[in-house]
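From first to last, the protein sequence lines stand for chains E and D.
All residue numbers for the first sequence refer to our numbering, where the first residue is 24 and numbers rise by one.
All residue numbers for the second sequence refer to our numbering, where the first residue is 24 and numbers rise by one.
All C-beta atoms, glycine included, are put in the ideal place defined by N, C-alpha and C.
What follows is one structure encoded as structure tokens, with my remarks underneath.
2 protein chains.
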Amino acid sequence: MFSFAQAREQLGESFDPLPVPPLPATDPDLDRVVAELRRLRDASAALANSEVELGDIADRLGEVAGLLESRVPSPEKRLENLWKGYGTRRSNPVAGPENPIAPPVDFVGCDDGSVMATLTLGPAYQGPPGCVHGGISALIIDHMMGLANHWAGRYGMTAHYELDYCSPTPLLVPLTFRCWVHETEGRKTWTHATIHAGDRLCVEARGLFLEASVPVPGRPDVKWNKGDAT
Amino acid sequence: MFSFAQAREQLGESFDPLPVPPLPATDPDLDRVVAELRRLRDASAALANSEVELGDIADRLGEVAGLLESRVPSPEKRLENLWKGYGTRRSNPVAGPENPIAPPVDFVGCDDGSVMATLTLGPAYQGPPGCVHGGISALIIDHMMGLANHWAGRYGMTAHYELDYCSPTPLLVPLTFRCWVHETEGRKTWTHATIHAGDRLCVEARGLFLEASVPVPGRPDVKWNKGDAT
Numbered sequence: 024m025f026s027f028a029q030a031r032e033q034l035g036e037s038f039d040p041l042p043v044p045p046l047p048a049t050d051p052d053l054d055r056v057v058a059e060l061r062r063l064r065d066a067s068a069a070l071a072n073s074e075v076e077l078g079d080i081a082d083r084l085g086e087v088a089g090l091l092e093s094r095v096p097s098p099e100k101r102l103e104n105l106w107k108g109y110g111t112r113r114s115n116p117v118a119g120p121e122n123p124i125a126p127p128v129d130f131v132g133c134d135d136g137s138v139m140a141t142l143t144l145g146p147a148y149q150g151p152p153g154c155v156h157g158g159i160s161a162l163i164i165d166h167m168m169g170l171a172n173h174w175a176g177r178y179g180m181t182a183h184y185e186l187d188y189c190s191p192t193p194l195l196v197p198l199t200f201r202c203w204v205h206e207t208e209g210r211k212t213w214t215h216a217t218i219h220a221g222d223r224l225c226v227e228a229r230g231l232f233l234e235a236s237v238p239v240p241g242r243p244d245v246k247w248n249k250g251d252a253t
Numbered sequence: 024m025f026s027f028a029q030a031r032e033q034l035g036e037s038f039d040p041l042p043v044p045p046l047p048a049t050d051p052d053l054d055r056v057v058a059e060l061r062r063l064r065d066a067s068a069a070l071a072n073s074e075v076e077l078g079d080i081a082d083r084l085g086e087v088a089g090l091l092e093s094r095v096p097s098p099e100k101r102l103e104n105l106w107k108g109y110g111t112r113r114s115n116p117v118a119g120p121e122n123p124i125a126p127p128v129d130f131v132g133c134d135d136g137s138v139m140a141t142l143t144l145g146p147a148y149q150g151p152p153g154c155v156h157g158g159i160s161a162l163i164i165d166h167m168m169g170l171a172n173h174w175a176g177r178y179g180m181t182a183h184y185e186l187d188y189c190s191p192t193p194l195l196v197p198l199t200f201r202c203w204v205h206e207t208e209g210r211k212t213w214t215h216a217t218i219h220a221g222d223r224l225c226v227e228a229r230g231l232f233l234e235a236s237v238p239v240p241g242r243p244d245v246k247w248n249k250g251d252a253t
């Protein structure tokens, strides 16, 4: 399994930016289902007043939904099943290949210790007209901070998180997300992040992360304390 | 069209909590498409290691995606079309009936000036095991603050936003979101919010909103300055 700490060790002090590789698919058909749901999400976004005929699309999706629902276990059971595999890393709502909400974001580890992503967001992520929803920026950065902590060999859950929205963050334009550990002390990690559109600073953020653990569904013997990137 | 200010005026000083009514559907088939995509999203979430057979589901979704993609205009054109109607309120990623990412959240205006929502989140919104992703809490609260500002007759875009994560926010348990304007001064509005699971405080948040305007796609005559709830 990919480990940030191992990768950094192998690469030594100087190396090229390193894409964070996806974990292998547990079920390639699940990844295909999610990829198709993303196509449908992106195509259906902002279709009001477009005069596109959608009646047959809704009917066909309804049939597939009925078929799928008849097969799946309860949400509780599914959360337990997840821990037979890689846990939440493949299913998270920012980068997970098993989650149709995720744009997804592909991260790269850089040799200055930062984690980076380049990403263009479409209408499904809109807040103000033509702009990324401020809460979507907050969602992506929070997740990215967890990864940057791992890249620096740190773990923890978000304790405090703050953002300054410096200028509007545009849709349909490549955005650069950057994130790095700023300071550490005992159980605490302070992590910073930015979003730029070209040279323009859109968002600045700071997070405080604390080492902590939460129980794992259906696994009373295991405590999860690794953050999302394990 | 529903207006917070008008509703409050009509109701006078004392009234029962008032559900924020959805705007009428521009295209009921679009709402149906999105409702079916949500069923598919919730059913497919966390299916790794479940032994559910998904090959035929992926194939069928791929066919529908191809059919839909062949009909839709470019994202830029769709963003313009949106402004022939209600703008972003029906399509936002938190409450919009036209957005398959949105849980959705249904808001209620309360007579103490706060806005409230009760919401149970499933596996698609997971961060730590069995818990809501911290960034998802941030997304929902940021959006809700915009609504609370409207409820108080204020407008603005998020300038600064901070959250304290006091305890883990559970999945599959009803959560109570509360949000209210704390203070106002000229162009500035300070808004507070909390998330509780039962009596337990999970998240506390504070936002600073500034009156501002952004251009509307394809409408050089219009400046948008009303926040998302108009």
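Less than 8 Å separating the beta-carbons of D/Ala88 and E/Arg62?
-> Yes, the pair counts as a contact, with Cβ atoms nearer than the cut-off.
Cross-chain neighbours of D/Ile218 in chain E, by beta carbon under 7 Å | The premise fails here: D/Ile218 is roughly 13 Å from chain E at the closest Cβ pair, so nothing lies under 7 Å.
Name, going along the chain, the residues of the stretch 207 to 239 of chain E whose beta-carbon falls closer than 8 Å to a beta-carbon of chain D.
-> So the list reads Val237, Pro238, Val239, given in the order they occur along the chain.
Exposed unless 16 or more other CB atoms sit within 10 angstroms - verdict on D/Val128 | Under this definition D/Val128 is a buried residue.
Is the stretch 190 to 197 of chain E touching the stretch 135 to 145 of chain E, taking contact as three or more C-beta pairs under 8 Å?
-> Touching, yes, given that three or more Cβ pairs across the two stretches are closer than 8 Å.
Spatial neighbours of E/Glu121 within its chain, please: CB distance less than 6 Å, with the 5 preceding and 5 following residues excluded, ordered by chain position.
-> For E/Glu121, where only same-chain residues beyond five positions count, the Cβ hits under 6 Å are Leu53, Val57, Arg113, Ser114.
From D/Tyr184, D/Met167, D/Val43, D/Glu103, pick the residue whose C-alpha is nearest to that of D/Val131; which is it?
-> For the residues D/Tyr184, D/Met167, D/Val43, D/Glu103, the minimum Cα distance to D/Val131 belongs to D/Val43.
Taking Cβ-Cβ distances shorter than 7 Å, what residues in chain E pair up with D/Asn172?
-> Those do not exist, as D/Asn172 stays about 13 Å from chain E at its closest Cβ, beyond 7 Å.
Report the option in E/Phe200, E/Gly153, E/Thr212 whose CA atom is closest to the CA atom of E/Gly176.
-> Comparing Cα positions, the closest option is E/Thr212.
Any beta-carbon of chain D closer than 8 Å to the one on E/Thr253?
-> No answer about E/Thr253 holds up, because its pLDDT of 37 lies below 50 and its placement is not dependable.
Rounded C-alpha distance that separates D/Thr111 from D/Ser236 = The alpha-carbon of D/Thr111 is positioned some 14 Å away from that of D/Ser236.
Would you identify the three-state DSSP class for E/Thr141, choosing helix, strand or coil?
-> Here E/Thr141 sits in strand by DSSP.
Write down every uninterrupted run of the beta strand (DSSP E) in the stretch 151 to 230 of chain D whose length is 3 residues or greater and which is fully enclosed by it, in chain order.
-> Runs of the beta strand (DSSP E) inside the stretch 151 to 230 of chain D: 180 to 188, 198 to 208, 211 to 220.
Kindly indicate which three-state DSSP category E/Pro238 falls into: helix, strand or coil?
-> Here E/Pro238 sits in strand by DSSP.
Closest Cβ-Cβ distance between E/Met24 and chain D: below 8 Å?
-> Low per-residue confidence applies at E/Met24: pLDDT is 46, beneath 50, and the placement is therefore not dependable enough to give any value.
Through-space distance from D/Ala69 to E/Pro116, alpha-carbon basis = E/Pro116 and D/Ala69 have their C-alpha atoms spaced approximately 11 Å apart.
Closer than 8 Å by C-beta to D/Asp251: which residues in its own chain qualify, once you throw out the five before and the five after it? Chain order, please.
-> Only weak support is given to the placement of D/Asp251: the predicted model assigns it a pLDDT of 47, under 50, and the value that follows is read from those uncertain coordinates. Correct list, in chain order: Thr111, Arg112, Asn115, His166, Gly169, Leu170.
What residue does the alpha helix (DSSP H) around E/Gly89 start on, and which one ends it?
-> Here the alpha helix (DSSP H) through E/Gly89 covers 78 to 92.
With DSSP collapsed to three states, give me the class of D/Val131.
-> DSSP places D/Val131 in strand when its eight states are reduced to three.
Just mark D/Glu103 as buried or exposed, buried being the case when its beta carbon has 16 or more other beta carbons within 10 Å.
-> When all chains shown are included, D/Glu103 counts as buried.
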